[in-house]
Structures are given as structure tokens and as C-alpha cells.
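Heads up, the thing below is written out as C-alpha cells.
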Amino acid sequence: MDKLLTIFNKYPWVAIVILMHWIATSFVLIYASETVNVAQVMGLSFLSTIVYAYIGFKVPKG
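Residue numbers are given in full-length UniProt numbering: position 44 of the sequence shown equals residue 44, and the series is strictly consecutive.
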């Protein structure tokens, strides 16, 4: 757990992007029409989070 927190201390913008993405996903699920497939939206959100984290943590330091 300490190693994970160290990563987020080095790259705080990645954590902010991921949190904003989750908040946006929750608003879509709350306010969207009933025809939205929740499983697809959550799956897309999960995959997007993985992509954001992979790209964000691969950015060179400095």
C-alpha cells in the first residue's frame, strides 16, 4: 500500500484524472435514460481507468 501511495505522490494528476472520470461515470449512470446498459458503462469505465493509469505512470519523470 505504501508503494501505491508513493506512486500517487509522484504523479498526482493521474489520480485526479481517474477520480474525475469516475465522477463523470457516476453522473452518466444517475442521470441517463433507462436504456443505458450499466454493465457496458462500468466496463468501459474500468478499461478507461486502466488506460489512464498505464499512460499516466509511463510518463518520464522530469
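C-beta: ideal position from N, C-alpha, C; glycine also.
| Check | Outcome |
| --- | --- |
| Is the separation between the beta-carbon of Gly43 and that of Tyr11 shorter than 7 angstroms? | no |
| Short of 6 angstroms in beta carbon distance, which residues of its chain neighbour Tyr52, apart from the five on each side in sequence? Order them along the chain. | Val17, Ile18 |
| May I have a chain-ordered list of the alpha helix (DSSP H) segments no shorter than 4 residues that lie completely inside the stretch 15-51? | none |
| Spatial neighbours of His21 within its chain, please: C-beta separation below 8 angstroms, excluding the five flanking residues on both sides. | Ser45, Ser48, Thr49, Tyr52 |
| Going by the beta-carbon positions, is the gap between Leu29 and Val41 smaller than 7 angstroms? | yes |
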